[in-house]
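Residue numbers (my numbering): 937 to 1364. The beta-carbon is built from N, C-alpha and C at its ideal position, and this holds for glycine as well.
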């Protein structure tokens, strides 16, 4: 008989702790959520606005593109405006092709950033690659900045890949091209990290990533990378796509690795829908970690999917309303009500699972299904406390949830205070 492990993820892989501004990645630090802007970084006002929105949504690091002189010159101003707004989220500079020149021309950019991202596949070729890579590492050392060496299979070092393909072809039993490419990703990251250390970058200032867009390849690459180093690892499925496809692909890949204890920071690379909100990628990252029990960010709403027994879409609308309202309160509640991020609220659509699921939540409501008595019992900490009916169920239930938060999580009130109404009554 196959033996399965106890419930829960494997212990976190031991990794070197890296300090990025006031945020720690790796070691025993919580898994960090990060994101990236899609604004023109030279547009200071627009970039500041988006960085602030991402930070408010819960992004703990925000990466910005630094692709030209105008963008590099704008970074210090962006940092200053964010600080003036009280938004202290560390900024990561994303460099490709010309980062060595940009930092030489705009050293204040390096000073304003909390971390540099370098892609070893496009810093140059041959001797120029080594020289330009060394320049980037020199600036990181000069200003005490950590570096993410971020390999991507869309821009993998062509010379390295060609060499490894040639070596593979000479083997008695050559591996397939996909396996060689996966190995080249890992080798590129590890060789670049060793080169950075030889140039003076401390081991504890290096983060690695090896991103691909295929789920199984990503899992295989990170398993190998994790086994061959103790660097902190940045997880992400590159070019994950739009909408449900991007969310499902990212969740499928990252959940496997996180369950195995691999990964110290994550970014969900969603393509926004036209006019969509960039902060969606932050919410998805948080929900992956929270659903897996690895971190808690905001109260969770449990809701049934609906079936022929549900009488209307009201339970769906109520679940959406409560979830949106809870997230909107978190900037205020996070400091005022410690532990509120662990709150579980159930909004159920009929009597089949409604009462049972509601009893498992901190606060739950079981709405009437088709043919059921038009009343909605509410449960607080597993005990039925009140029955709601009439046209104000949504507002009344929201008040009950808010009352629970204030009395249960308030540091002044203390946890010993009874949070339940005195009697079970029906609200007309």
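First through last residue of the alpha helix (DSSP H) which encompasses residue i
i	result
residue 1312	Element bounds for residue 1312: not the alpha helix (DSSP H) but the beta strand (DSSP E), 1312-1316.
residue 1366	Outside the shown range of the chain, which is 937 to 1364, sits residue 1366, and nothing can be said about it.
residue 1333	1329-1345
residue 1183	1179-1195
residue 1290	1290-1296
residue 1158	1151-1164
residue 1308	Looking at the DSSP string, residue 1308 is not in any alpha helix (DSSP H), and its letter there is neither H nor E.
residue 950	Careful: residue 950 lies outside any alpha helix (DSSP H) and carries neither H nor E.
residue 1015	1005-1020
Per DSSP, the bridge partner or partners of residue i
i	result
residue 1170	1201
residue 1041	Note: residue 1041 sits in no beta bridge, so no partner.
residue 1144	1085, 1169
residue 1300	1282, 1315
residue 1028	999, 1051
residue 1207	1178
Inter-residue CB distance, residue i and residue j (contact presumed, cutoff 8 Å)
i	j	result
residue 1157	residue 1122	6 Å
residue 1190	residue 1179	Not quite, the Cβ-Cβ distance comes to about 17 Å (not below 8 Å), so this is no contact.
residue 951	residue 1168	5 Å
residue 993	residue 1187	Contact doesn't hold; Cβ gap of about 18 Å is too wide.
residue 1204	residue 1176	7 Å
residue 1262	residue 1291	Actually they do not touch by this definition, with Cβ atoms about 22 Å apart.
residue 1029	residue 997	The Cβ separation is near 11 Å, so there is no contact.
residue 1073	residue 1135	4 Å
residue 1233	residue 1303	The pair is not a contact, with the Cβ atoms about 27 Å apart (cut-off 8 Å).
residue 1084	residue 1170	6 Å
residue 1008	residue 1041	7 Å
residue 1237	residue 1184	Not quite, the Cβ-Cβ distance comes to about 20 Å (not below 8 Å), so this is no contact.
residue 1285	residue 1242	6 Å
Run of the beta strand (DSSP E) containing residue i, from where it starts to where it stops
i	result
residue 1368	The question about residue 1368 has no answer here: the residues shown for the chain are numbered 937 through 1364.
residue 1135	From DSSP, residue 1135 is part of no beta strand (DSSP E); its letter is neither H nor E.
residue 960	959-961
residue 955	954-956
Other residues of its chain near residue i: CB distance less than 6 Å, five sequence neighbours each side excluded
i	result
residue 966	1231
residue 1100	1116, 1120
residue 1014	980, 983, 984
residue 1110	1104
residue 1059	1065, 1068, 1069
residue 1049	1027, 1029
residue 1313	1302, 1320, 1323
residue 1154	1148, 1173, 1189
residue 1333	1301
residue 1035	1072
7 Å CB neighbourhood of residue i in its chain, flanking five on each side removed
i	result
residue 1257	1330
residue 949	1162, 1197, 1198
residue 1218	969, 971, 990, 993, 994, 995
residue 1318	1295
residue 1146	1087, 1121, 1122, 1125, 1157, 1158, 1161
residue 1140	952, 953, 954
Closer than 8 Å to chain C by CB, residue i
i	result
residue 1200	Judged by its chain identifiers, the structure shown contains no chain C, having just a single protein chain.
Close Cβ partners of residue i (< 8 Å) along its chain, the five nearest in sequence each way excluded
i	result
residue 945	1194, 1195, 1196, 1197, 1228, 1229, 1230
residue 973	983, 986, 987, 990, 998, 999, 1000, 1001, 1214
residue 1224	1186, 1187, 1190, 1191, 1194, 1202, 1204
residue 1311	1304, 1323, 1324, 1325, 1362
Contact test: residue i Cβ vs the ligand NAD heavy atom, cutoff 7 Å
i	result
residue 1340	No copy of the ligand NAD occurs in the structure displayed, which carries no ligand at all.
| field | Length-filtered (4 minimum) alpha helix (DSSP H) runs lying within the region 1211-1264 | value | 1216-1227
| query | In chain order, which alpha helix (DSSP H) runs of at least 4 residues are fully inside the region 1075-1133? | reply | 1094-1105
| message | So within the region 964-1001, which uninterrupted alpha helix (DSSP H) runs reach at least 4 residues, ignoring any that extend past its ends? | response | 980-993
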